[in-house]
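Asker: In numbering that gives the first Met the number 0, the protein residues as written are 0 to 153. Before anything else, here's the structure in question.
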Amino acid sequence: MKAPDWYDAWCEDAFTAFTAKQERMQADYRLAAWARYDYDAEACTLTFSDEQGPRVVADIQVIGTIGEHDWMWGWANANWPPQSTDAMRQVRTFGVEKGVEELAVDVLTSDDLPGLGWMLAAISARVLEAEGAYRAPSGTGAVYLLIRSIKFVS
């Protein structure tokens, strides 16, 4: 894929910052510890709950999905409500303006789709200054959700 010379180093920096954000978010909100999670693409929310009810709520955007053979950006998938991918279009615009092909094409292939998903999540988090991301298994793949903000609920 086409990309400017600076892009690899920029991606490494993005992934390092993203990893720190993910660790901080896990420590603060214990996302893996809750009994269940539910995402609502219409409302752009991701809710973590226990037997008592909702405990943590995040404002989200759909970054994209992986299937058996490819990655599809959320903004390229007409099945997602427009409000769930609106901010992600800024990532596409960044890709177009900076000449980064992988951020501007609808679908990508890779030998490591989960790894690609996390890298694109890190890039998206950097472009949009987000808190982190969450990977929700879905059928034979997964949905990658960008966490724009997150909080405990009472």
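We put the CB at the ideal spot given by N, CA and C, even for glycine. No experiment lies behind these values; they were computed from the predicted model shown.
#1: Name, in chain order, the residues that DSSP records as bridge partners for Leu144.
#2: Taking the straight line between their C-alpha atoms, what separation do you get for Cys43 and Lys150?
#3: For Ser90, count the other beta carbons within 10 Å of its own beta carbon; 16 or more makes it buried, fewer makes it exposed. Which is it?
#4: Could you tell me the alpha carbon to alpha carbon distance between Leu45 and Gly94, rounded to whole angstroms?
#5: For Ile15, name the three-state secondary structure that DSSP assigns.
#6: Which residue from Asp7, Ala129, Trp74 puts its Cα closest to that of Ala103?
#7: What does Ile149 pair with, by DSSP beta-bridge criteria?
#8: At the level of alpha carbons, what is the spacing between Ala77 and Ser148?
#9: Threshold first: 4 residues or longer. Then list the alpha helix (DSSP H) segments lying entirely within the segment 63-118, N to C.
#10: Please report the distance separating the alpha-carbon of Ala19 from that of Ile122.
#11: Give the range of the beta strand (DSSP E) segment to which Asp49 is assigned.
Answerer: Quick answer:
#1: On the sequence shown, residue 144 is found 145 positions in, with the first residue counted as 1. Partner(s): Val61, Tyr133.
#2: Counting from 1 along the sequence shown, the entry for residue 43 is found at position 44. Counting from 1 along the sequence shown, the entry for residue 150 is found at position 151. Each residue's Cα considered, the two are about 14 Å apart.
#3: Walking along the sequence shown from the start, residue 90 turns up at place 91. For clarity, residue 90 is Val in the given sequence; the question names Ser instead. Its Cβ being crowded by 16 or more others within 10 Å, Val90 is buried.
#4: Looking up residue 45 in the sequence shown gives position 46. Looking up residue 94 in the sequence shown gives position 95. Going by the C-alpha atoms only, they are around 27 Å apart.
#5: Walking along the sequence shown from the start, residue 15 turns up at place 16. Inspection of the sequence shows that residue 15 is occupied by Thr rather than by Ile. In the structure shown, Thr15 sits in a helix (DSSP, three-state: H, G or I).
#6: Locating residue 103 in the sequence shown gives position 104, counting from the first residue. For Ala103, the nearest C-alpha among the options comes from Trp74.
#7: As a first step, residue 149 must be located in the sequence shown, where it is residue number 150. Its beta-bridge partners are Ala57.
#8: One-based indexing of the sequence shown puts residue 77 at position 78. One-based indexing of the sequence shown puts residue 148 at position 149. Answer to the nearest angstrom: the Cα atoms are 25 Å apart.
#9: DSSP runs (the alpha helix (DSSP H)) wholly in the segment 63-118: 87-97.
#10: Walking along the sequence shown from the start, residue 19 turns up at place 20. Walking along the sequence shown from the start, residue 122 turns up at place 123. Taking the straight line joining both Cα atoms gives about 14 Å.
#11: Position 50 of the sequence shown, counted from the first residue, corresponds to residue 49. Segment 44-49, the beta strand (DSSP E) holding Asp49.
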